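Colleague: Let me begin by handing over the structure; questions about it come next.
There are 2 protein chains.
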Amino acid sequence: MYKNLLAYINQYANLPLTSEEESLIEATFQPKKLRKKQYFLQEGDVCKYVGFIVKGAMRQYSVDDKGVEHIVHLYIENYWAGDRESSIMLTPSNYNIDAWEDTEMLIITRAEMLDLMEKIPALVKMIRLMDERNAIANQRRLSSTISNTAEKRYEEFADNHPQFIQRFPQHIIASYLGITKETLSRIRKQAMK
Amino acid sequence: MYKNLLAYINQYANLPLTSEEESLIEATFQPKKLRKKQYFLQEGDVCKYVGFIVKGAMRQYSVDDKGVEHIVHLYIENYWAGDRESSIMLTPSNYNIDAWEDTEMLIITRAEMLDLMEKIPALVKMIRLMDERNAIANQRRLSSTISNTAEKRYEEFADNHPQFIQRFPQHIIASYLGITKETLSRIRKQAMK
DNA sequence: CAGAACCGTTGATAAATGTCAACGGTTTTT
DNA sequence: AAAAACCGTTGACATTTATCAACGGTTCTG
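Heads up: the sequence lines are chains A and B, in that order. Residues in the first sequence are numbered from 1 upward in steps of one, following the UniProt record's numbering. Residues in the second sequence are numbered from 1 upward in steps of one, following the UniProt record's numbering.
This is how it looks when you write it as structure tokens:
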């Protein structure tokens, strides 16, 4: 269960964990299982936990006035799910996060994470690297969303994230790209030629 | 010249700097003046410096196949300008950054910054907070771009960033929002009623 | 001061994307 | 096994946004 998480930390931080550190991590992160469609976070709640996905697939989305879902993040194994703004500011989240497949996570509160970071240097390094990587990915996505047509955005996405294309149905991908499922269907038909 | 930067660090980190630390900062950051339209970074170059803006206004943008500029960031006093991806990965940047007004900056290389961070704990704290704040802002912007109509995006932007509305002309704001200047003009006309 | 560049606006038209309704084929649930 | 939910596709049509061209007013620059 904890194998993936420990491997993830080791890989990211490149600062081997001692066995004491490993034990501490195993003692702090709690296992959490979600059945398909179960919520990890509901709009209006404060996001208490961030979770590392050991197995499964999840999505994060807002719901607008008309009841339409707008997917902002997709997660699979080795991703971290959570709403950072809500966690940090302790404000009610605007997002829902739920399981798209049956999912196993390892969850931790922000306070626990801050505590662990004081005791385990590798975690600090990991977080810093994750932040950087995240900032870069966000920049790219934003740039693509502003500058490219729907067709090009889909192409780029499919090239860079084939795992998501396989795991999630098209209407989910469409929402993630900010277009309707009908438009995506037509774009794909067009591109096939 | 360094007053704004030191105040910024103090405010963010909330960890008063010693006078030795202040001296070290002043010795490391270099002043740089840019005249209006001058480049701080050009597409194809590796982004060597990140710069704190003491006075002035800047923009960051890519240029597409048709020669159209897509503005991804606007900066004014107390903002940091740079392309993180290029700085970290040492890859050629896809972006240009230039001065929209005559600008005074304090610039520093990534290596120098990492070095300073080892010596000045307040800087580490500041960077962490900036990263968080940045991640939150990016999340919001992305969410807004995906979920909202152009009209609502403009409204939100004008509400949250009145300083930018005053400092930059409409066609720049339009590009930042991912729409054309004509569309923005019509949206504003519409909204006035 | 004169010419050039810049800026916001408008109109006419085209292109991209959304909306709504319907369908058939799957998968899931009971 | 039957019913229900889900999924991708298609057609007809509406809406949003882009494109292109032109204009008058401003600001910059030599």
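The C-beta atom is built at its ideal place from N, Cα and C for all residues, glycine as well. Predicted model only: the values in this text are computed from it and were never measured.
Measuring alpha carbon to alpha carbon, tell me which residue in A:Leu114, A:Lys152, A:Lys119, A:Glu132 is nearest A:Val50.
Modeller: Closest option to A:Val50, Cα to Cα, is A:Leu114.
Colleague: Identify the contact partners of B:Thr145 in chain A, using a Cβ-Cβ distance below 8 Å as the criterion.
Modeller: Those within 8 Å of B:Thr145 in chain A are Leu142, Thr145, Ile146, Gly178.
Colleague: Could you give the distance in angstroms between the alpha-carbon of A:Glu132 and the alpha-carbon of B:Leu24?
Modeller: A:Glu132 and B:Leu24: Cα-Cα distance of roughly 25 Å.
Colleague: Excluding five sequence neighbours on each side, which residues of the same chain lie with their C-beta closer than 8 Å to the C-beta of B:Glu21?
Modeller: Answer for B:Glu21: Lys119, Ile120, Ala122, listed in chain order.
Colleague: Within 8 Å, do at least three Cβ pairs link the stretch 24-41 of chain B to the stretch 133-147 of chain B?
Modeller: Not touching, per the Cβ criterion.
Colleague: Secondary structure at A:Leu6, three-state DSSP: helix, strand or coil?
Modeller: Three-state DSSP puts A:Leu6 in a helix.
Colleague: I need the boundaries of the beta strand (DSSP E) containing A:Lys33, first residue and last residue.
Modeller: Where A:Lys33 is concerned, the enclosing beta strand (DSSP E) stretches over 30-34.
Colleague: I want to see whether chain A comes within less than 7 Å of B:Val124, judged by CB atoms only; does it?
Modeller: Judged by the 7 Å Cβ criterion, B:Val124 is not in contact with chain A.
Colleague: Any beta-carbon of chain B closer than 7 Å to the one on A:Glu132?
Modeller: Yes - at least one Cβ of chain B is within 7 Å of the one on A:Glu132.
Colleague: Would you call A:Glu182 buried or exposed, if buried means 16 or more other Cβ atoms sit within 10 Å of its Cβ?
Modeller: Per the 10 Å Cβ criterion, exposed.
Colleague: Cβ-heavy atom distance between B:Val63 and the ligand FMN below 6 Å?
Modeller: The ligand content of the structure shown is nil, which means the ligand FMN is not present either.
Colleague: Which one of B:Asn134, B:Ser87, B:Ser185 has the shortest CA to CA distance from B:Ala111?
Modeller: Answer by Cα proximity: B:Ser87.
Colleague: Which residues mark the beginning and the end of the beta strand (DSSP E) in which B:His70 is found?
Modeller: 69-75 is the span of the beta strand (DSSP E), which, as asked, contains B:His70.
Colleague: Kindly give me the distance between the Cβ atoms of B:Glu69 and B:Tyr61, rounded to whole angstroms, as I take these residues to be in contact under 8 Å.
Modeller: So it is a contact: roughly 5 Å between Cβ atoms.
Colleague: Here's the rule I'm using: 16 or more other beta-carbon atoms within 10 Å means buried, otherwise exposed. How should A:Gly56 be labelled?
Modeller: That one is buried.
Colleague: Going by CA-CA distance only, name the one from B:Tyr75, B:Ile146, B:Val46 that's closest to B:Ala99.
Modeller: The residue with the shortest Cα to Cα distance from B:Ala99 is B:Tyr75.
Colleague: What residue range is occupied by the uninterrupted alpha helix (DSSP H) comprising B:Thr183?
Modeller: Looking at the DSSP string, the run of the alpha helix (DSSP H) that includes B:Thr183 is 181-192.
Colleague: Taking the alpha helix (DSSP H) that B:Leu15 falls in, what are its first and last residues?
Modeller: Unbroken run through B:Leu15: none, as it is neither H nor E.
Colleague: Based on DSSP bridge pairs, tell me the residues matched to A:Ser62.
Modeller: Beta-bridge pairing links A:Ser62 to A:His70.
Colleague: Mind listing which residues of the UniProt domain "Cyclic nucleotide-binding" (32-119) of chain B have their C-beta closer than 7 Å to chain A's C-betas, in chain order?
Modeller: Answer set for the UniProt domain "Cyclic nucleotide-binding" (32-119) of chain B: Ser62, Asp64, His70, Val72, Arg84, Glu85, Ile88.
Colleague: Please go through the same chain and pick out, in chain order, the residues whose beta-carbon is closer than 8 Å to the beta-carbon of B:Lys33, but skip the five residues on each side of it.
Modeller: Taken in chain order, the residues that qualify are Asp102, Thr103, Glu104, Met105.
Colleague: Within its chain, find whatever has a CB closer than 6 Å to the CB of B:Ile165; leave out the 5 residues flanking it on each side and keep chain order.
Modeller: Ala158, listed in sequence order.
Colleague: If the criterion is Cβ atoms closer than 7 Å, does the pair A:Ala150 and A:Ile172 meet it?
Modeller: Against a cut-off of 7 Å, the Cβ pair of A:Ile172 and A:Ala150 comes out as no contact.
Colleague: Grab me the residues of B:Lys189's own chain with a C-beta within less than 7 Å of its C-beta, minus the 5 sequence neighbours each way, in chain order.
Modeller: Nothing meets the Cβ criterion.
Colleague: Please say whether A:Ala81 and A:Met58 have beta carbons closer to each other than 7 Å?
Modeller: Going by C-beta atoms, A:Met58 is nearer than 7 Å to A:Ala81.
Colleague: Residues bridged to B:Val54 by DSSP?
Modeller: Answer by DSSP bridge pairing: none, since B:Val54 is not bridged.
Colleague: Give, in chain order, every unbroken run of the alpha helix (DSSP H) that is at least 4 residues long and sits entirely within the stretch 101-166 of chain A.
Modeller: The stretch 101-166 of chain A contains these whole alpha helix (DSSP H) runs: 110-119, 121-147, 150-160.
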